[in-house]
Amino acid sequence: MDEKRYYIDLDAITTREKQALTHNIHPYPAKYIPQIPGSLIDYLCIPANSIVMDPFCGSGTTLLEAAIRGHNAIGTDSNPIATLISRTKCTLLSKEQCSLIDDVLSKLDMFDSADDSVIMIPDFLNRDHWFQFNMQKELGYIRNLIDSIEDIYTADFLRTAFSAIIVKASNQESDTRWRAKDKNLPDGFALAEFKKKVLDMLHRMKQLEQYSLGNVTVKTQDSRFVDFIQDNSVACAITSPPYMNSFDYYLYHKLRMFWLGYNHYEAQEKEIGSRNKHCDNGRGVDAYIESISQVVEQVYCKLKKQGYFCVVIGDSIYKNELIHMDDVYNQIAHHIGFTTKEVFSFDQRKYTRAFTPNLKTAEKKSHIMIFQK
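In terms of full-length UniProt numbering, the sequence shown is residues 1 to 373.
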């Protein structure tokens, strides 16, 4: 570690590289690019067949990068959409499972003659505000096809594709704007989008077959309580924790949760760092530090002696004040027993589209921090 320093040339990474393999199967706002966890695993020379952990696994970026390098990976997240994507992203399909998927696609052509009894439209608040009736019927038909699949891995694959098209087939303006917009979507739109998404995912899955993937375990769970992971068993933990007062993950996946039958209230309650908690409900920096500290304590217990904990975090604005998150995480990590080995910082504005330019955001940086137990 003393002879070299971690460095990543973010400008040299192409969009195609960022979206390689199954990394791009589902929209997931505010995720980090796969080259960051991938380069950290390579840089730290993690022993072969190690366990890599991500306590905030999101859409599974770290998990997949660990798995394609032959490592076993464990991820947790309180958001069920996140864990659904993560499981699917890291799971190869058999010929039999692909055949089941082909059968579902063939039944899309039968929609026009389908009886109303096979169209399952969930009842939720403001459903007609968020979805045109023709889209409700098409999505309900797709959902029924998926629910008829007994094989859990095939069903998860199809649910992920279904989830990926929900916002497109809704009146929600975009994946990062919780506002309705009249899109005037034509008949057949949701059916066509679902088929297109499934075929793209199958193509991406095919690319994974060149790798001997490590085993991946994903749990929908509060990251502060991970007793199922053995103490002193993890070689490296790599994660991008929720940025404080930045993003409401549950909110932008809310329509997906309605259609998939997940409890968005539970995801909202367990979410750390959200704008809802820190802006709308006034929870301060101390509340964020307390929650994150509980997760970092868990990571410390799970890591082997001299194991690494890598954090990718960006500075935050709270009550119009800039919070230097590298200082916050140094404070948390040192209190628990970690040593800071390296910090690589870069201009957050350059690589983040979703920001409002002003004096404070101009000073914001993102930090790749390497700690050791």
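The beta carbon of each residue, even a glycine, is placed where N, CA and C say it ideally should be. Computed from a prediction, not measured in an experiment: that's the story for all the values here.
In the same chain as Lys302, and ignoring 5 residues on each side of it, the C-beta atoms closer than 8 Å to its own belong to Met53, Val226, Ile229, Gln230, Asp231, Asn232, Ser233, Val234 and Ala237, in chain order. Between Gly140 and Ile165, the CB-CB gap reaches or exceeds 8 Å. Spatial neighbours of Ser39 in its own chain (CB-CB distance under 6 Å, excluding positions within 5 residues in sequence) are listed in chain order as Ile8. Rounded to whole angstroms, the separation of the alpha carbons of Phe344 and Leu10 is 12 Å. A straight line joining the alpha-carbon of Gln221 with that of Leu145 spans about 28 Å. Minimum Cα-Cα distance from His26 among the listed residues Val311, Ser106 and Asp156 corresponds to Asp156.
In terms of Cβ geometry, Val216 and Cys90 form a close pair [threshold 8 Å].
If you draw a straight line from the Cα of Lys168 to the Cα of Lys373, it comes to about 44 Å. In the three-state reduction of the DSSP assignment, Leu40 falls in the helix class, which pools H, G and I.
Annotated as proximal: Ser86 and Leu63, with beta-carbon spacing under 8 Å. Taking C-beta atoms under 8 Å as the contact rule, Tyr300 and Phe338 qualify, at a distance of about 7 Å. One Cα belongs to Ser316, the other to Glu173, and the distance between them is close to 25 Å. A distance of 8 Å or more separates the beta carbons of Val312 and Ser223. Between the region 182 to 194 and the region 126 to 140 there are three or more C-beta pairs closer than 8 Å, enough to call the two in contact. Rounded to whole angstroms, the separation of the alpha carbons of Asp347 and Glu363 is 8 Å.
If only uninterrupted alpha helix (DSSP H) runs of at least 4 residues are considered, those enclosed by the region 1 to 82 are 15 to 18, 35 to 43 and 61 to 67. By the neighbour-count criterion, in which 16 or more other beta carbons inside 10 Å mark a residue as buried, Pro242 falls on the buried side.
Secondary structure at Lys195: helix, using DSSP grouped into helix, strand and coil. Non-local C-beta neighbours of Gly70 in its own chain, meaning closer than 7 Å and more than five positions away in sequence, comprise Ala48, Asn49, Ser212 and Gly214, ordered along the chain.
Residue pairing by DSSP places His367 opposite Ile313 and Ser345 in a beta bridge. The continuous alpha helix (DSSP H) containing Ser106 extends over residues Lys95 to Lys107. Residue pairing by DSSP places Ile238 opposite Cys310 in a beta bridge. Assigned with DSSP and collapsed to three states, Ile336 falls in helix. Pro37 sits away from Lys18, with the two beta carbons spaced by 8 Å or more. Of the candidates Ile81, Phe309 and Ala30, the residue whose Cα lies closest to the Cα of Phe258 is Ile81.
The shortest C-alpha to C-alpha distance from Arg256 to any of Glu269, Ser163, Met201 and Asn184 is the one to Ser163.
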